[in-house]
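S.K.:
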Amino acid sequence: MNKFLIEAKKVKKTFSHKNGQIHVFKDVNLSVKPGDLVALVGPSGSGKSSFLHLLSLLDSPTSGQIIFLGKNSKNFSENQKNQIRQKKISIIFQDNNLLSDFTTVENVLMPLIIRGENYKTSLNKAKKVLKEVNLIDRTNHFPNELSGGEQQRVAIARSLIAETDLILADEPTGNLDYKTSQDVFSYFLKLKRLNKTIIYATHNRELANKADYKLSISNGNIKRINGK
Ligand SMILES: Nc1ncnc2c1ncn2[C@@H]1O[C@H](COP(=O)(O)OP(=O)(O)OP(=O)(O)O)[C@@H](O)[C@H]1O
Ligand SMILES: [Mg+2]
74 MNKFLIEAKK VKKTFSHKNG QIHVFKDVNL SVKPGDLVAL VGPSGSGKSS FLHLLSLLDS
134 PTSGQIIFLG KNSKNFSENQ KNQIRQKKIS IIFQDNNLLS DFTTVENVLM PLIIRGENYK
194 TSLNKAKKVL KEVNLIDRTN HFPNELSGGE QQRVAIARSL IAETDLILAD EPTGNLDYKT
254 SQDVFSYFLK LKRLNKTIIY ATHNRELANK ADYKLSISNG NIKRINGK
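Quick note: our numbering has the sequence shown finishing at residue 301, numbered continuously throughout.
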């Protein structure tokens, strides 16, 4: 068994833009263990979303390595990356990315259907998770019939249902009130107890302080800040 779930080694990321190059990461080195609950913090534009994209294997570093379960992601084929994302990684994007032609419950059960689970079992699981995020009475609404915070909770439910080893959440509670954010956080704690790893980007200091440790982005580097 690998000691680390995911590692970054000498990671550099440069975006080329018509106005010039943007050096988002210069030399990032870190390792995250199974069961770690991690807050990713840094000012707007510092690279939180970009880093989550690298960890999700949706993007590749300009140089350096992202190591997933001891293997350099550079050596994965597109097909292998897709398999890993289906089975081991869930992502809550900053802009939710719900499927507009599908209802709440269909959006939530999608990851299970994609990986070949039985429809009826998936439906029951989806309803259970919707209860946890307080959305059971919006089961058959379409995304455009939901409020921003409700859409965000659907996205959260969708990423939590699969109980993957790694959960990446980009400002998951950005549109939520205090109580609902706390509920979502309790759900993270539940997954942590199942030894799942959760990395969440947040601007909310209180929520960040509840993590096992923080990863703080500044000036193209990421440093670990221990303690609660
Ligand atoms: N595809 C791209 N091409 C060029 N520049 C990009 C691209 N994606 C991101 N950037 C730039 O990289 C920097 C980091 O962006 P990122 O979205 O990771 O920030 P963030 O920390 O998530 O910010 P926020 O808190 O506002 O969500 C920004 O300055 C952004 O303009
Ligand atoms: Mg962002």
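Built from N, CA and C at the ideal position, the CB exists for glycine as well.
According to DSSP, which residues form a beta bridge with F124?
M.R.: Answer by DSSP bridge pairing: none, since F124 is not bridged.
S.K.: Check whether the Cβ of H90 lies closer than 7 Å to any heavy atom of ligand 1, and answer yes or no.
M.R.: Because some heavy atom of ligand 1 lies under 7 Å away, the Cβ of H90 counts as near it: yes.
S.K.: Hey, how far is the Cα of N155 from the Cα of H126?
M.R.: Between the alpha carbons of N155 and H126 lies a distance of about 14 Å.
S.K.: Measure the C-alpha to C-alpha separation of I290 and L196 and round it to an integer number of angstroms.
M.R.: Each residue's alpha carbon lies about 39 Å from the other.
S.K.: Is it the case that the CB of Q167 approaches a heavy atom of ligand 2 more closely than 7 Å?
M.R.: yes
S.K.: Secondary structure at A242, three-state DSSP: helix, strand or coil?
M.R.: strand
S.K.: Indicate whether the contact test is met: 3 or more Cβ pairs, each with one atom in the region 259 to 277 and one in the region 89 to 96, closer than 8 Å.
M.R.: no
S.K.: Is the closest heavy atom of ligand 2 to the C-beta of A235 under 7 Å?
M.R.: no
S.K.: Less than 8 Å between the C-beta atoms of L241 and L128, yes or no?
M.R.: yes
S.K.: Which parts of the region 189 to 277 are runs of the alpha helix (DSSP H), unbroken and 4 residues or longer, counting only runs that do not cross its ends?
M.R.: 192 to 205, 221 to 234 and 251 to 266
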